[in-house]
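Okay, structure first, notes after.
Take a look at the structure:
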């Protein structure tokens, strides 16, 4: 016996028949009976529910207690994760009456004009001035110094991507001094970033935002920066379209079978047919059988056929008395031959129309496929040309460019550009090992959760979601190896390298790290993680 | 191969989502979902049982279970019907386990031809017969997967939702299944007498 019964083209019950089984009222009553006892039944069946209940009550109490905690005070704006391991400032003494230039380790030059400083009383500084300087060259530096990279411009939020950042402070007799309004410092900053769309921003720690200060001066000379972007190929990612392009083409329904009448010699043999005069039939075209119209066997008013069942239920093989056999289905519900014929002709017209449309669509699909293949080939050529050009450029290029810009205010300044990177945004739960209250505790401590991904020179801050315990909103590039970084107030560092994301997201830090001798060892540690050689992961 | 895709617009899905949210609060509102999907689920079950009474019983169970666990339902970006199909499949499997009756595979002729195209066969009678014989060698789970994809026209996203797997897994599973069918068809052809060696008359569409 075969494993399955196979039904082909068998008519399902009519809508009216199906509707007769519908009874929502009875279903609703059953639901009420079941749902009334469901809880108690489960409790009775499984005493562990009691344990769950107790746990729920305990959690509720804990949540209530945590809600009674006083809200944390406003967190610091510049917030190094481990303050003692912050990037140190280099110090230079200068005579303020003379113009002077300084060159730092990374090649950065700062030109200070004469008589540039005033004290807090607006008096020109005449005594010795001490210049303090440090640079933040990469995302690890930005994170270590705790510099926020969020930028609010006309109410719209961005993250600034940096081509170089520095902090300059000046002191005289132990007190801070300031730049005169008409004086500026000129900086030549050696940067590996060659883009032409960076501007100068100053970090306003009072307004807690970056201020646009102007453009850098070497913009036009950076010919190399105009190098074209890598050609994009969006459609190659569309795997559905790649594989199933032609599936959108609809094949029309089967050609309707011709309607005819024929006398039967053995109608009495079948319950279905017996006693029916002038049966109306629908021809079913099948391979290996004659087409009685093409072969001139029908129409023939005198034709007599013998019927025998053929495979599917309700389908017969008709053998003409003069020879020739074909398959047909009796139309038992047909009102009259004329009506059946009219319906057949209507279906035939619709079928022919659908067939024309189908062929047109199929042609279109073929055309699209050819276009796609041509586009793919063009893309490959373009990519090969771009790669060759890139190779050539890389072999010629130096490791960076000097960017020249003006500093109008002391403090932290950077060459930045607004980033609207198309990132995935997800709510995540933060936990440390099995401690699920970790995220909430960090929020209470006013800590900043940062996200670095190696290809972009910035640090993304993750927002705490108000009213959602321990939940943060993170933005990240799912194609990148992202590094989630945070520290607690005990100056422990927590790092998590991730790439694969599921929509039900739990970010679980595994290790607490705190043994860093200085800022350099901390930076090396971060760099190792960014280079994917993180320990214990 | 052409799949006639059953589609539901984003707006309809949004409306459906709101309706389900309402029904979670007020089960009487489930009536609208019941009205919307009863016929679809009935036909789905009927195609596998070919028995109206049993189909009606299973349908009642499907909607009752859906109502009872509606609060656990999470919107996954696919129509609610995917969830109902999942329940229906479980109920159908349970039915066959209990009754040991023979499973039915219902399809339209053109679905069979679609499948033949998918396994890269033409529509000759011999090939269609081989394809039908191939079905007999597949497990009920495999048959179910084929039915949902080719006869119910489910997208991979919907299949993923029904089977609680990823969309990619659904694609891989289908790919392997088609390969298996190709191999089985080849086996059948290798056995002489099991298929018609003469050239079949081409079934023209015109």
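Residue numbers (this note's numbering), protein chains in the order written: chain A, 1 to 537; chain B, 538 to 743. Note that CB positions come from ideal geometry on N, CA and C, so glycine has one too. What you are looking at is a predicted structure, and each value in this text was computed from that prediction instead of being measured.
Exposure label - residue 356 of chain A; buried when at least 16 CB within 10 Å: With fewer than 16 Cβ atoms within 10 Å of its Cβ, residue 356 of chain A is classed as exposed.
Of the residues A/117, A/445, A/333 and A/371, the one placed nearest residue 177 of chain A, counting alpha carbons only: When only C-alpha atoms are compared, the closest one is A/117.
Please identify the residue among B/565, B/573, B/568 and B/563 whose C-alpha is closest to the C-alpha of residue 549 of chain B. Out of B/565, B/573, B/568 and B/563, B/573 has the C-alpha closest to the C-alpha of residue 549 of chain B.
Taking a cut of 8 Å between CB atoms, which residues from the region 339-358 of chain A lie near chain B? So the list reads 355, given in the order they occur along the chain.
For the beta strand (DSSP E) that residue 575 of chain B lies in, which residues bound it at each end? For residue 575 of chain B, no beta strand (DSSP E) segment is defined; the enclosing uninterrupted segment is the alpha helix (DSSP H) at 567-586.
So, using beta-carbon positions, are residue 472 of chain A and residue 401 of chain A closer together than 8 Å? Residue 401 of chain A sits away from residue 472 of chain A, with the two beta carbons spaced by 8 Å or more.
Skipping 5 residues on each side, what residues in its chain have a beta carbon closer than 8 Å to that of residue 451 of chain A? Non-local C-beta neighbours of residue 451 of chain A in its own chain, meaning closer than 8 Å and more than five positions away in sequence, comprise 459, 460, 461, 462, 474, 475, 476, 482, 483, 484 and 485, ordered along the chain.
Taking C-alpha atoms, which residue in A/406, A/390 and A/3 lies nearest to residue 638 of chain B? Nearest to residue 638 of chain B by C-alpha distance, out of A/406, A/390 and A/3, is A/3.
Using a Cβ-Cβ cutoff of 7 Å, what residues of the region 634-649 of chain B are near chain A? List them in chain order. For the region 634-649 of chain B, residues whose beta-carbon sits nearer than 7 Å to a beta-carbon of chain A comprise 639, 640, 641, 642, 643, 644, 645, 646, 647 and 649.
Can you give me the Cβ contacts of residue 319 of chain A inside the same chain, cut-off strictly under 7 Å, excluding the 5 residues immediately before and after it? Around residue 319 of chain A: 305, 306 and 325.
Taking 8 Å as the threshold (C-beta atoms), are residue 419 of chain A and residue 158 of chain A in contact? Yes, Cβ-Cβ distance for residue 158 of chain A and residue 419 of chain A is below 8 Å.
Taking residue 121 of chain A as the reference, give the member of A/180, A/187 and A/424 with the closest Cα. If we check each option's Cα against that of residue 121 of chain A, A/180 comes out closest.
The region 269-287 of chain A: which residues have C-beta closer than 8 Å to a C-beta of chain B, in chain order? The region 269-287 of chain A vs chain B, Cβ under 8 Å: 285, 286 and 287.
In terms of alpha-carbon separation, which member of B/690, B/598, B/614 and B/671 lies closest to residue 648 of chain B? Minimum Cα distance to residue 648 of chain B is reached at B/690.
Is the region 574-590 of chain B in contact with the region 546-565 of chain B, if contact means three or more CB pairs nearer than 8 Å? The region 574-590 of chain B is not in contact with the region 546-565 of chain B.
Please give the ranges of any beta strand (DSSP E) in the region 592-637 of chain B, keeping only runs that are unbroken, at least 3 residues long and fully inside the region. Listed in chain order, the beta strand (DSSP E) runs fully inside the region 592-637 of chain B amount to none, counting runs of at least 3 residues.
Do residue 412 of chain A and residue 57 of chain A have their CB atoms nearer than 8 Å? Contact: no.
Go ahead and label residue 727 of chain B buried or exposed: buried means 16 or more other beta carbons lie within 10 angstroms of its beta carbon, across all protein chains shown. Answer is exposed; the Cβ neighbour count stays below 16.
C-beta neighbour in chain B for residue 24 of chain A, strict 8 Å: Chain B, which has a Cβ nearer than 8 Å to the Cβ of residue 24 of chain A, makes this yes.
Under the DSSP definition of a beta bridge, which residues are partnered with residue 269 of chain A? For residue 269 of chain A, which the question treats as bridged, DSSP gives no partner whatsoever.
Applying a beta-carbon distance threshold of less than 7 Å, which residues of chain A neighbour residue 576 of chain B? For a Cβ distance threshold of 7 Å, residue set 15 and 18 of chain A lies close to residue 576 of chain B, ordered along the chain.
Identify the contact partners of residue 27 of chain A in chain B, using a Cβ-Cβ distance below 9 Å as the criterion. By Cβ distance, chain B contributes 567, 568, 571, 597, 600, 601 and 604.
How far does the alpha helix (DSSP H) with residue 709 of chain B in it reach, from first residue to last? Residues 704-727.
Once DSSP output is grouped into helix, strand and coil, what is the label at residue 461 of chain A? DSSP places residue 461 of chain A within a strand segment (E or B) once states are collapsed to three.
Output the boundary residues of the beta strand (DSSP E) element that contains residue 281 of chain A. 280-284 is the span of the beta strand (DSSP E), which, as asked, contains residue 281 of chain A.
Relative to the C-alpha of residue 651 of chain B, which candidate in A/35, A/291 and A/254 has its C-alpha closest? The shortest C-alpha separation from residue 651 of chain B is found at A/254.
Is there a Cβ from chain A that is less than 8 Å from the Cβ of residue 657 of chain B? Not closer than 8 Å to any Cβ of chain A, the Cβ of residue 657 of chain B fails to qualify, so no.
Segment contact flag, the region 619-633 of chain B with the region 593-606 of chain B, C-beta cutoff 8 Å, min 3 pairs: Note that the region 619-633 of chain B touches the region 593-606 of chain B; at least 3 beta-carbon pairs, one per stretch, sit closer than 8 Å.
Would you check if there are 3 or more beta carbon pairs closer than 8 Å linking the region 615-623 of chain B to the region 694-711 of chain B? Inter-segment contact for the region 615-623 of chain B and the region 694-711 of chain B is present: three or more beta-carbon pairs are separated by less than 8 Å.
4-residue-minimum alpha helix (DSSP H) runs that sit fully inside the region 663-710 of chain B, ordered along the chain: Here the runs fully enclosed are 677-683 and 693-700.
Can you grab the Cα-Cα spacing for the pair residue 558 of chain B / residue 609 of chain B, in whole Å? Counting only the Cα atoms, residue 609 of chain B lies some 11 Å from residue 558 of chain B.
Could you check whether the region 440-448 of chain A touches the region 487-497 of chain A, counting it as contact only if at least three pairs of C-beta atoms, one from each stretch, sit closer than 8 Å? Inter-segment contact for the region 440-448 of chain A and the region 487-497 of chain A is present: three or more beta-carbon pairs are separated by less than 8 Å.
Considering only the alpha carbon of each residue, which of A/505, A/403, A/78 and A/469 lies closest to residue 478 of chain A? Closest in alpha carbon position to residue 478 of chain A, among A/505, A/403, A/78 and A/469, is A/505.
Measure the alpha-carbon distance for residue 273 of chain A versus residue 281 of chain A and round it to whole angstroms. Going by the C-alpha atoms only, they are around 11 Å apart.
Going by beta carbon distance, what residues of the same chain come within less than 8 Å of residue 89 of chain A, once the five residues before and after it are set aside? Excluding sequence neighbours, residue 89 of chain A sits near 132, 133, 134, 167 and 169.
Relative to the C-alpha of residue 717 of chain B, which residue among B/607, B/680 and B/560 is closest? The candidate whose alpha carbon is nearest that of residue 717 of chain B is B/680.
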